[in-house]
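Just so you know, the protein sequences line up as chains Z and E, in that order.
Just remember that this note's numbering sits 2 ahead of the position in the first sequence, which is counted from 1.
Quick note on numbering: this note's numbering labels position 75 of the second sequence as 72, and the sequence is numbered without any gaps.
Some notes on the structure that comes next.
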Amino acid sequence: MRHDRDNSRDIQAFLAGIEGHAFRIAQFATGNRDDALELVQDTMMKLVQNYAGRSADEWKPLFYSVLQSRIRDWQRRQTVRNRFRTWFARHEDDEEDALEQYPADESGEPSACLQNDQFMTRLDQALSALPYRQQQVFLLRVWEDMDIAQTAAVMQCSESSVKTHHARALQKLREKLEELR
Amino acid sequence: MKSGDNTFERRIKTALDGSVATLDAGTRNRLAAMRGEALESKPFLARWLAFGHGIPATAFAACAVLVAAVVFSPSPHHTPDQLALTDPEVALELLSNEGEPGDPDFYVWLDATLSEEEDSNHAG
């Protein structure tokens, strides 16, 4: 009984700690707040119902595995929908080019706070513009501190792919954010 | 990885952390509510995944049922009478072979009866 209560408290703390990150990661992937929230909710439910009995060390990779699976399902649904709405579909290149519509503000010396806001805005756009795998691998590696093996397992790809995606994402982000560094 | 990359990644990480810290109240409330709902769904899980309590009890019950089934099941070794009741072929064989060879007392009785009849015939 006590074990159950401890476990419940642990998983609550785990979810409270990860939900913000998970929401932002899903938001980068979907570009939509409500869809992102729905994906995170599904992931939380699945984790609690199916994996709460596992050791706490396993929760994070399991959580992100479930989230990535939900994101891929969401993408498949979107692809089907977009077949009927091809005029709304945008190519990956177009998405990356869209960033060019937001040039850096080069006027004057911005304050640190403003500079940070500007960096965040540009980072948001640059991350959203990255191809899905590059974006997610970068976020899992850099933001979630997952190692290459864990990231490969979560993303269901090889470790060498993880390294490639990470390097390409980093290069693109550097190019896009260079002027703000 | 170059140290410049590390610095750049650290800055990105800090910015992303900041974006979570400044999430709007509506989103934060939704996330908290979702977390609550997920945790509420745990009793369902507890029934199936409470390894500490549920499974030993279930395993014990299953073993008890198994043992009872074995102990109270009909014996596979039937007596001939029981076999005859259930198997018509065996019953027929028993009937047709009744009193037949294999019983020496029968022949002793037969000899005695025949000799008695013979004696009485001679006497008559």
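Yeah, the Cβ is synthetic: ideal placement off N, Cα and C, and Gly gets one too.
Out of the options, point me to the one whose CA is closest to residue i's CA.
i: A191 of chain Z; options: E:A35, E:I9, E:T11; result: Summary: the structure shown does not reach residue 191 of chain Z, with chain Z confined to residues 3 through 183, and so no result is reported for it.
i: Q70 of chain Z; options: Z:R83, Z:S57, Z:L49, Z:R56; result: Z:L49
i: E21 of chain Z; options: E:A59, E:H119, E:F5, E:N26; result: E:N26
i: R56 of chain Z; options: Z:L129, Z:S10, Z:D126, Z:L175; result: Z:S10
i: T153 of chain Z; options: Z:Q43, Z:V68, Z:E180, Z:S130; result: Z:V68
i: L132 of chain Z; options: Z:F86, Z:Q173, Z:T45; result: Z:Q173
i: I9 of chain E; options: Z:F121, Z:I73, Z:Q158; result: Z:F121
i: Q29 of chain Z; options: Z:I73, Z:M47, Z:E60; result: Z:I73
i: E181 of chain Z; options: Z:W76, Z:R124, Z:R78; result: Z:R124
i: Q138 of chain Z; options: Z:N118, Z:Q117, Z:T166; result: Z:T166
i: T24 of chain E; options: Z:T88, Z:Q136, Z:E40; result: Z:E40
i: L129 of chain Z; options: Z:L175, Z:N118, Z:W61, Z:Q43; result: Z:L175
i: S31 of chain E; options: Z:N34, Z:A31, Z:M47; result: Per the sequence shown, residue 31 of chain E should be read as Met rather than Ser. Among Z:N34, Z:A31, Z:M47, the Cα nearest to that of M31 of chain E belongs to Z:M47.
Measuring from the CB of residue i, is there a heavy atom of the ligand NAP at a distance below 8 angstroms?
i: R35 of chain Z; result: The ligand NAP is not part of the structure shown, which contains no ligands of any sort.
At a Cβ threshold of 9 angstroms, is residue i touching chain E?
i: G22 of chain Z; result: yes
i: L49 of chain Z; result: yes
i: W61 of chain Z; result: no
i: Q43 of chain Z; result: yes
i: F65 of chain Z; result: no
i: Y104 of chain Z; result: Note that Y104 of chain Z scores 48 on pLDDT, short of 50, meaning its location in the model is unreliable; the coordinates nonetheless yield the value given after this. Not closer than 9 angstroms to any Cβ of chain E, the Cβ of Y104 of chain Z fails to qualify, so no.
i: L132 of chain Z; result: no
i: V144 of chain Z; result: yes
i: S160 of chain Z; result: no
i: N34 of chain Z; result: no
i: R176 of chain Z; result: yes
i: D107 of chain Z; result: Here the model assigns D107 of chain Z a pLDDT of 47, short of 50, so the residue's position is not dependable, and the following value carries that caveat. No, D107 of chain Z lies away from the interface with chain E (no Cβ there is under 9 angstroms from its Cβ).
i: R170 of chain Z; result: no
Can the beta-carbon of residue i be found closer than 9 angstroms to that of residue j?
i: F65 of chain Z; j: F16 of chain Z; result: yes
i: I27 of chain Z; j: L141 of chain Z; result: yes
i: Q158 of chain Z; j: S38 of chain E; result: no
i: S16 of chain E; j: D147 of chain Z; result: no
i: A29 of chain E; j: A18 of chain Z; result: yes
i: W145 of chain Z; j: L13 of chain E; result: yes
i: P63 of chain Z; j: A155 of chain Z; result: yes
i: Q117 of chain Z; j: H168 of chain Z; result: no
Can you check whether the C-beta of residue i is within less than 9 angstroms of a C-beta belonging to chain Z?
i: A61 of chain E; result: no
i: A22 of chain E; result: no
i: A56 of chain E; result: no
i: V68 of chain E; result: no
i: V17 of chain E; result: yes
i: A12 of chain E; result: yes
i: A35 of chain E; result: yes
i: A65 of chain E; result: no
i: I9 of chain E; result: yes
### Query
In the stretch 136 to 181 of chain Z, which residue ranges form an unbroken alpha helix (DSSP H) of at least 4 residues, counting only runs that do not cross its ends?
150 to 157, 161 to 179
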